[in-house]
Amino acid sequence: MRPDRGPGLATKATSLRRHCHNAKARSFTFSPAAINIVVGHVLEQEDGHVIDLITRYTTIPSMPRCDQQRPVCGQCLKSRVECTGYERQRVFINASGPVAGQALSVSRASPPVYDVSLHPDLARSAYEVKYLDLFWRAYLPSGKAFTPYASGYSIGGWTAVSRDLFHTDSALRKALLAMCLGTLGREGGEPWMVREGLRSYTQALGEMTIGLRSPEKRSSDAFLVASRLMGLYELFVDSRMHLIIIAIKLRRRNFLSSPEWKTIPWTNAAKVPKDLLLDIFVDIPGLLEDLDALALCDDAASRPLLYARLVADCWRTDERLVSWFEEQSPRAHLEALKEREYKEPTPEDTAVAMSMSLYWTACLLTYSTLILVLTSNPTSPLDITTLPERMNLNSYCAAIADILEIFFQPSSGIFSVQLVPLPLGIALSYLASTLKPGTPPPTELKKLLGYFTRGAVGERRQIRTRNQW
Numbered sequence: 001m002r003p004d005r006g007p008g009l010a011t012k013a014t015s016l017r018r019h020c021h022n023a024k025a026r027s028f029t030f031s032p033a034a035i036n037i038v039v040g041h042v043l044e045q046e047d048g049h050v051i052d053l054i055t056r057y058t059t060i061p062s063m064p065r066c067d068q069q070r071p072v073c074g075q076c077l078k079s080r081v082e083c084t085g086y087e088r089q090r091v092f093i094n095a096s097g098p099v100a101g102q103a104l105s106v107s108r109a110s111p112p113v114y115d116v117s118l119h120p121d122l123a124r125s126a127y128e129v130k131y132l133d134l135f136w137r138a139y140l141p142s143g144k145a146f147t148p149y150a151s152g153y154s155i156g157g158w159t160a161v162s163r164d165l166f167h168t169d170s171a172l173r174k175a176l177l178a179m180c181l182g183t184l185g186r187e188g189g190e191p192w193m194v195r196e197g198l199r200s201y202t203q204a205l206g207e208m209t210i211g212l213r214s215p216e217k218r219s220s221d222a223f224l225v226a227s228r229l230m231g232l233y234e235l236f237v238d239s240r241m242h243l244i245i246i247a248i249k250l251r252r253r254n255f256l257s258s259p260e261w262k263t264i265p266w267t268n269a270a271k272v273p274k275d276l277l278l279d280i281f282v283d284i285p286g287l288l289e290d291l292d293a294l295a296l297c298d299d300a301a302s303r304p305l306l307y308a309r310l311v312a313d314c315w316r317t318d319e320r321l322v323s324w325f326e327e328q329s330p331r332a333h334l335e336a337l338k339e340r341e342y343k344e345p346t347p348e349d350t351a352v353a354m355s356m357s358l359y360w361t362a363c364l365l366t367y368s369t370l371i372l373v374l375t376s377n378p379t380s381p382l383d384i385t386t387l388p389e390r391m392n393l394n395s396y397c398a399a400i401a402d403i404l405e406i407f408f409q410p411s412s413g414i415f416s417v418q419l420v421p422l423p424l425g426i427a428l429s430y431l432a433s434t435l436k437p438g439t440p441p442p443t444e445l446k447k448l449l450g451y452f453t454r455g456a457v458g459e460r461r462q463i464r465t466r467n468q469w
């Protein structure tokens, strides 16, 4: 038998029915907060009976649904009212009951915060553009791309191609990002960037593996540039210099000196002055190898043959160097650089400095080899004073010492640093070998040694640029 709950309960139920019926007739319903308060109060006494009443008397014809536009819905825009969003405001009520005479405290949720962040793909693209921009600004002289004129005298022509084709091939994009993140990470002391660069490089290798199976893709320009960035393309055009430097250090000729490697890669493209200079430079390791072979030869019959061949090769290289200087060298630009004392270099200035420093290094190696061979001939030792004026080796050391100033300017960029060690090392090696005990070092030797006290080229500029972000 149910206990008597008193006359107050019937009155509350009747009032609730009447209120719900009137609400239905006026075509509106209770707010969620009002229903929660009423149901929460009556359930304590009626064991859920009123829930059926609420369902029955608050069913109304369907209203137009929200179009779910974000951040505000279309209905609110049309009505010109403030849209409160899609999150229902919560009302918290003290379950222990209010103390007599104390006002009911209601806490409402703060207005919703809408997510306006970029889509992950867009965010990734934005960060790629950001770091690539930082990389180019730190890597290139004055942060500017090489012009066609500058590309003709430097080994940086690939940078313009990679910038143009960056968005056309995923392997190229990941390879360029690998070099970008690796360079910025090492220069700025950011290990996470170095790790991300390695991850991008691994992904680029995977893309290359897939691309090699597609005849159309593997013959594209973007695919070749990606190969260049990962070290495969260095067997061709621009990065021959890196292999030449290794060959000079080993004093061994390599495959790049063969006629095929000097002609086939340029079957469909004309050579620029830089290519013609490297064609000469690539034969110099062979001169050093023959010089060592002559020094070790004890065979009286073979030694004269080695001697004659080496002398002939040196004079032949001299003719090619003279021809390049007269027909291909940027002499007018070089004179303008001297007048400015190599200050505030432009990308064109840096390109000219690269070519001329390599030219003077080639002259220094070739003529020092020729002089050493001729003066060591026991039967007819050479009188150095009879040699042409262009074989004054100290003049090349002085020229190298002067022009290297360009590479240590803040605007020269990280790219310029890669060619400093070769001319600097060759010039220092020659001057040190001719320095007599007790004599003061020449001016050019002091200047060359002074470069070792200079800071890393482009480092301050790169860090300053990164701080802008």
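For reference, each letter of the sequence shown is one residue, going 1 to 469 in UniProt numbering. Virtual Cβ for every residue (Gly too), placed ideally from N, Cα, C.
- Task: In the DSSP assignment, find the unbroken alpha helix (DSSP H) run with Lys249 in it and report its ends.
- Result: For the purposes of this step, residue 249 is identified with residue 249 of the sequence shown, where counting begins at 1. 240-250 is the extent of the alpha helix (DSSP H) around Lys249.
- Message: Residues in the same chain with beta-carbon distance under 8 angstroms from Arg253, minus the five sequence neighbours each way, listed in chain order, please.
- Response: Taking the sequence shown and counting its residues from 1, the one referred to as residue 253 is at position 253. For Arg253, where only same-chain residues beyond five positions count, the Cβ hits under 8 angstroms are Ala247, Asp283, Pro285, Gly286, Glu289.
- Can you tell me whether DSSP reads Val420 as helix, strand or coil? Working through the sequence shown from its first residue, we reach residue 420 at position 420. Correct three-state label for Val420: coil.
- Could you check the C-alpha separation between Tyr307 and Leu445 for me, to the nearest Å? Here residue 307 refers to the residue found at position 307 of the sequence shown. Here residue 445 refers to the residue found at position 445 of the sequence shown. For Tyr307 and Leu445, the distance between alpha carbons rounds to 32 angstroms.
- Going by the CB atoms, is the gap between Pro423 and Ala404 shorter than 8 angstroms? Position 404 of the sequence shown, counted from the start, is the residue given in the question as residue 404. Position 423 of the sequence shown, counted from the start, is the residue given in the question as residue 423. In the sequence under discussion, the amino acid at residue 404 is Leu, which differs from the Ala named in the question. In contact: Leu404 and Pro423 (Cβ atoms closer than 8 angstroms).
- Based on Cα-Cα distance, which residue from Asn394, Phe408, Ser355, Glu341 lies nearest to Ser433? For this step, residue 433 is matched to residue 433 along the sequence shown. Out of Asn394, Phe408, Ser355, Glu341, Asn394 has the C-alpha closest to the C-alpha of Ser433.
- Could you spell out where the alpha helix (DSSP H) holding Glu327 opens and where it closes? Position 327 of the sequence shown, counted from the first residue, corresponds to residue 327. Glu327 -> alpha helix (DSSP H) spans 302-327.
- Can you list, in chain order, the stretches of the alpha helix (DSSP H) that have 4 or more residues and sit fully within the stretch 352-440? 393-403, 421-434
- Message: According to DSSP, is Thr350 part of a helix, a strand, or is it coil?
- Response: For the purposes of this step, residue 350 is taken as the residue at position 350 of the sequence shown. Note: Thr350 maps to helix in three-state DSSP.
- Which residue comes first and which comes last in the alpha helix (DSSP H) that contains Gln75? On the sequence shown, position 75 is the one that residue 75 refers to. 74-79 is the extent of the alpha helix (DSSP H) around Gln75.
- So, helix, strand or coil for residue 479, using DSSP? The requested residue 479 is not part of the displayed model; the chain covers only 1 to 469.
- Task: Would you mind working out which of Glu335, Leu177, Thr317, Thr386 sits nearest residue 476, comparing C-alpha positions?
- Result: With the chain running from 1 to 469 in the structure shown, residue 476 is simply not present.
- Query: Helix, strand or coil: which one does DSSP assign to Thr443?
  - Reply: Against the sequence shown, residue 443 aligns to sequence position 443. Helix.
- Going by CA-CA distance only, name the one from Pro437, Ile426, Ile245 that's closest to Leu278. The residue given as residue 278 occupies position 278 in the sequence shown. Comparing Cα-Cα distances from Leu278 to each of Pro437, Ile426, Ile245, the minimum goes to Ile245.
- Query: For Ser31, which residues from the same chain have a beta carbon less than 8 angstroms from its beta carbon, with the 5 sequence-adjacent residues on both sides left out?
  - Reply: Stepping through the sequence shown from its first residue, residue 31 is reached at position 31. Bear in mind that a pLDDT of 43 at Ser31, under 50, signals an unreliable position, so the number given afterwards is only what the model happens to contain. So the list is empty, once near-sequence residues are dropped.
- Message: Judging by CA-CA distance, which residue of Pro191, Leu276, Leu382, Gly197 is the nearest neighbour of Lys174?
- Response: For the purposes of this step, residue 174 is identified with residue 174 of the sequence shown, where counting begins at 1. Among Pro191, Leu276, Leu382, Gly197, the Cα nearest to that of Lys174 is on Gly197.
- For Thr267, three-class secondary structure by DSSP: Taking the sequence shown and counting its residues from 1, the one referred to as residue 267 is at position 267. DSSP places Thr267 in coil when its eight states are reduced to three.
- Message: Spatial neighbours of Cys297 within its chain, please: C-beta separation below 8 angstroms, excluding the five flanking residues on both sides.
- Response: Within the sequence shown, residue 297 is the residue found at index 297, counting from 1. The answer, listed in chain order, is Arg303, Leu306.
- Task: Compute the Euclidean distance between the alpha carbons of Ala353 and Gly189, then round it to the nearest angstrom.
- Result: Position 353 of the sequence shown, counted from the start, is the residue given in the question as residue 353. Position 189 of the sequence shown, counted from the start, is the residue given in the question as residue 189. Going by the C-alpha atoms only, they are around 30 angstroms apart.
- Item | Simplified DSSP state of Pro330, which is helix, strand or coil | One-based indexing of the sequence shown puts residue 330 at position 330. Of the three classes helix, strand and coil, the one that applies to Pro330 here is coil, per DSSP.
- Does the separation of the CB atoms of Gly206 and Met193 fall below 8 angstroms? What you label residue 206 is simply residue 206 of the sequence shown in a count that begins at 1. What you label residue 193 is simply residue 193 of the sequence shown in a count that begins at 1. Contact flag unset, no.
- Message: Quick check on Glu348: buried or exposed, where buried means 16 or more other Cβ atoms within 10 Å of its Cβ?
- Response: Translated into the one-based positions of the sequence shown, residue 348 becomes position 348. Buried: at least 16 other Cβ atoms inside 10 Å.
- Going by Cα to Cα distance, which pick from Thr147, Lys338, Leu181 is closest to Leu134? In the sequence shown, residue 134 corresponds to position 134, counting from 1. Among Thr147, Lys338, Leu181, the Cα nearest to that of Leu134 belongs to Leu181.
- Query: In chain order, what residues of the same chain have a beta carbon less than 8 angstroms from the beta carbon of Asp52, not counting five sequence neighbours either side?
  - Reply: Translated into the one-based positions of the sequence shown, residue 52 becomes position 52. Because the pLDDT at Asp52 is just 43, under 50, the model does not fix this residue reliably, and the point stays unresolved.
- Query: Whose C-alpha, out of Ala295, Ala300, Gly211, Leu365, is nearest the C-alpha of Asp318?
  - Reply: As a first step, residue 318 is located in the sequence shown; it is residue number 318 there, counting from the start. Selected option, being the one with the closest Cα: Leu365.
- Query: From what residue to what residue does the alpha helix (DSSP H) around Lys274 run?
  - Reply: The residue you call residue 274 lines up with position 274 of the sequence shown. Run containing Lys274: 273-281, per the alpha helix (DSSP H) assignment.
- Give the DSSP-derived three-state secondary structure of Tyr342 in the structure shown. Numbered from its first residue, the sequence shown carries residue 342 at position 342. Looking at Tyr342 - three-state DSSP - the assignment turns out to be coil, as it is neither helix nor strand.
- Query: Among Leu212, Gln69, Leu132, Gly211, which has the Cα closest to the Cα of Leu176?
  - Reply: Mapped onto the sequence shown, residue 176 falls at position 176. Nearest option by C-alpha distance: Leu132.
- Message: Quick check on the burial criterion: 16 or more other C-beta atoms within 10 angstroms. Buried or exposed for Val322?
- Response: In the sequence shown, residue 322 corresponds to position 322, counting from 1. So Val322 counts as exposed.
- Rounded straight-line distance, which links the Cα of Tyr359 to that of Leu276: Counting from 1 along the sequence shown, the entry for residue 276 is found at position 276. Counting from 1 along the sequence shown, the entry for residue 359 is found at position 359. Distance between the alpha carbons of Leu276 and Tyr359: 11 angstroms.
- In whole angstroms, what separates the C-alpha of Trp315 from that of Pro388? The sequence position of residue 315 within the sequence shown is 315, counting from 1. The sequence position of residue 388 within the sequence shown is 388, counting from 1. Cα to Cα, Trp315 sits roughly 12 angstroms from Pro388.
- According to the neighbour-count rule (16 or more other Cβ atoms, all chains shown, within 10 Å of its Cβ), is Thr369 buried or exposed? Counting from one through the sequence shown, the residue named residue 369 turns up at place 369. Per the 10 Å Cβ criterion, buried.
- By how many angstroms is the C-alpha of Ile264 removed from the C-alpha of Ala270? Numbered from its first residue, the sequence shown carries residue 270 at position 270. Numbered from its first residue, the sequence shown carries residue 264 at position 264. So the two alpha carbons sit approximately 11 angstroms from each other.
- Query: Under 8 angstroms between the Cβ atoms of Ser412 and Thr350?
  - Reply: Here residue 412 refers to the residue found at position 412 when the sequence shown is read from its first residue. Here residue 350 refers to the residue found at position 350 when the sequence shown is read from its first residue. It is a contact, given that the beta carbons lie within the stated cut-off.
- Measure the C-alpha to C-alpha separation of Phe408 and Arg454 and round it to an integer number of angstroms. Along the sequence shown, read from residue 1 onward, the residue named residue 408 stands at position 408. Along the sequence shown, read from residue 1 onward, the residue named residue 454 stands at position 454. So the alpha carbons of these two residues sit roughly 7 angstroms apart.
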